[in-house]
Amino acid sequence: MQTQILERPAKILTRAQREHYFNNGYLGVEGLVGADWLQRLRSVTDEFVEISRGLDGHGCDAGGAKDRRFDLEPDHSPEQPRIRRLNSPVDCHEEYWAFASRGPFVDVAEDLLGADVKFHHAKLNFKWGGGGEEVKWHQDIQFWPHTNYDVLTIGVYLTDVTAEMAPMGVVPQSHEGPLFDLYGSDGQWTGNIRDDELHQVGVARAEYLGGPAGSITVHNCRSVHGSPPNRSAQPRPLLLCAYSAADAFPLTNLTAGGKYAEAVVRGSAARWARMDSRPVLMPPDWSKTGYKSIFEHQQGEAAGQ
2 MQTQILERPA KILTRAQREH YFNNGYLGVE GLVGADWLQR LRSVTDEFVE
52 ISRGLDGHGC DAGGAKDRRF DLEPDHSPEQ PRIRRLNSPV DCHEEYWAFA
102 SRGPFVDVAE DLLGADVKFH HAKLNFKWGG GGEEVKWHQD IQFWPHTNYD
152 VLTIGVYLTD VTAEMAPMGV VPQSHEGPLF DLYGSDGQWT GNIRDDELHQ
202 VGVARAEYLG GPAGSITVHN CRSVHGSPPN RSAQPRPLLL CAYSAADAFP
252 LTNLTAGGKY AEAVVRGSAA RWARMDSRPV LMPPDWSKTG YKSIFEHQQG
302 EAAGQ
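Rendered as structure tokens:
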């Protein structure tokens with residue numbers, strides 16, 4: 002597959018950038034998203050920060066109704082909003098979907114996945130300043146298994162991100178290594194690699210992908226990645242969109258309710274599913290309880306933990 006993809010003319014990435022992704026399982030490109038898109042994304046994001054001021058730390062409004070668009074840190078307040086995540090931003094505002102379906106992300110996805118590309122889901126992680134929570138080391142595909150591993154996530158930093166702002170770190174070539182069990186020793190889903198297995202990962206080799214506003218991150222669904230708490234004074238908003246090759250089909254219904262889940266954003270839909278011979282860990286059945294965010298699972302806030 003990689004050879005066939007590299008034979009296709011690139012839309013936006015260089016040959017060296019594409020090869021780096023295939024060899025290492027990730028890519029960082031500084032300043033790829035232009036000023037116009039950044040301004041549009043920042044403007045709508047500011048609107049949601051203002052909306053969050055009307056919610057308490059549990060994400061409830063004055064009437065006690067839960068606003069499920071937001072995942073908030075426990076000490077969030079109207080005076081000092083602390084958003085961990087805006088859930089499914091493409092469902093929250095058409096501006097996010099315009100970017101996810103027509104912006105430069107789609108060209109990046111085609112350069113790395115081939116001619117036929119589907120959108121899977123999106124999230125906007127804020128990593129608020131002054132201790133915004135860490136994302137522990139994990140791989141993505143165990144959260145949303147597919148029939149093959151041609152699934153990736155592309156992120157764009159909406160502000161400048163320095164080393165002090167907890168940029169995302171990715172372990173080189175970990176996409177070619179094992180998939181880890183993201184259940185704890187008690188059998189409960191934690192969404193992170195267990196501490197006693199981290200010695201197998203090589204996290205000391207991780208490359209941290211920051212850069213000026215508009216810089217992008219790309220990582221394969223098998224790549225081990227994470228980020229420390231943000232100890233700077235500034236939030237670190239990172240808009241993330243996951244895409245798959247058209248012949249990679251989800252094995253769970255996690256995103257089935259999404260307005261644009263599995264939408265073809267480039268090329269054509271696939272009639273045949275391509276099956277990878279390597280096994281994939283299945284997550285819990287969230288169809289009855291609803292999916293909690295990675296923050297809630299990793300911090301033990303989810304039900305039953």
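Take any residue in the sequence shown, count from 1 to its spot, add 1: that is its number in this note's numbering.
Even for Gly, the Cβ is constructed at its ideal location relative to N, Cα and C.
Quick check on the burial criterion: 16 or more other C-beta atoms within 10 angstroms. Buried or exposed for residue i?
i      : result
Pro75  : exposed
His226 : buried
Gly305 : With a pLDDT of 40 at Gly305, under the threshold of 50, the modelled position of this residue cannot be trusted, and the question is left open.
Thr256 : buried
Pro79  : exposed
Ala116 : exposed
Asp72  : buried
Asp141 : buried
Ala249 : buried
Ser186 : exposed
Met2   : exposed
Asp197 : exposed
Glu291 : As written in the sequence, residue 291 is Gly, which differs from the Glu given in the question. Exposed, since its Cβ has fewer than 16 Cβ neighbours within 10 Å.
Ala66  : exposed
Asp37  : exposed
Pro168 : buried
Pro10  : exposed
Asn254 : exposed
Gln143 : buried
Met166 : buried
Arg69  : exposed
Gly317 : A query on residue 317 cannot be resolved here, the shown segment of the chain reaching from 2 to 306 and no further.
Thr154 : buried
Gly35  : exposed
Quick one: residues in its chain with C-beta nearer than 7 Å to the C-beta of residue i, no 5 flanking neighbours on either side, listed in chain order?
i      : result
Ala164 : Tyr209 and Gly211
Ala99  : none
Asp161 : Pro213 and Ala214
Lys137 : Asn193, Gly227 and Gln299
Ala101 : Val91, Phe120, Ala123 and Cys242
His59  : none
Arg83  : Leu73, Glu74, Asp76, His77 and Trp129
Thr15  : none
Can you name the start and end residues of the beta strand (DSSP E) that residue i belongs to?
i      : result
Ser228 : His226 to Ser228
Ile217 : Ile217 to Asn221
Asp72  : Phe71 to Leu73
Tyr292 : First-last for Tyr292: undefined, no H or E at that position.
His139 : Val136 to His139
Glu208 : Glu208 to Leu210
Val266 : Val265 to Arg267
Given residue i, which residues of its chain have a CB within under 6 Å of its CB, disregarding the five upstream and five downstream residues?
i      : result
Glu48  : none
Glu135 : Pro229 and Pro230
Gly130 : Asn231, Ser233, Ala234, Gln235 and Pro236
Asn126 : Arg86 and Leu239
Val152 : Cys222, Ser245 and Ala249
Thr218 : Gly29, Gly156, Met169 and Leu210
By Cβ distance, which residues of its chain are closer than 8 Å to residue i, with the 5 residues on each side in sequence left out?
i      : result
Val118 : Val107, Ala110, Glu111, Tyr244, Ser245, Ala246, Ala247, Val265, Val266, Arg267 and Gly268
Ala63  : Gly55
Pro285 : Trp190
Lys289 : none
Tyr261 : Val91, Asp92, Trp98, Ala101, Ser102 and Phe120
Just reading off the alpha helix (DSSP H) that residue i is part of, what are its end residues?
i      : result
Ala243 : That residue, Ala243, is in no alpha helix (DSSP H); its beta strand (DSSP E) goes Leu239 to Ala246.
Arg19  : Arg16 to Asn25
Thr4   : Gln3 to Glu8
Query raised in the report: With contact counted as at least three CB pairs below 8 Å, one residue from each stretch, are the stretch 203-211 and the stretch 76-96 in contact?
Result: no
Query raised in the report: For the stretch 231-244 against the stretch 187-197, are there 3 or more C-beta pairs whose distance is under 8 Å?
Result: no
Query raised in the report: Do the stretch 147-154 and the stretch 272-279 make contact, defined as three or more Cβ pairs closer than 8 Å?
Result: yes
Query - Residue ranges of each beta strand (DSSP E) within the stretch 154-182, 3 or longer - result: 169-171
Query - Whole runs of the alpha helix (DSSP H) within the stretch 44-122, excluding any shorter than 4 residues - result: 90-93, 95-103 and 105-114
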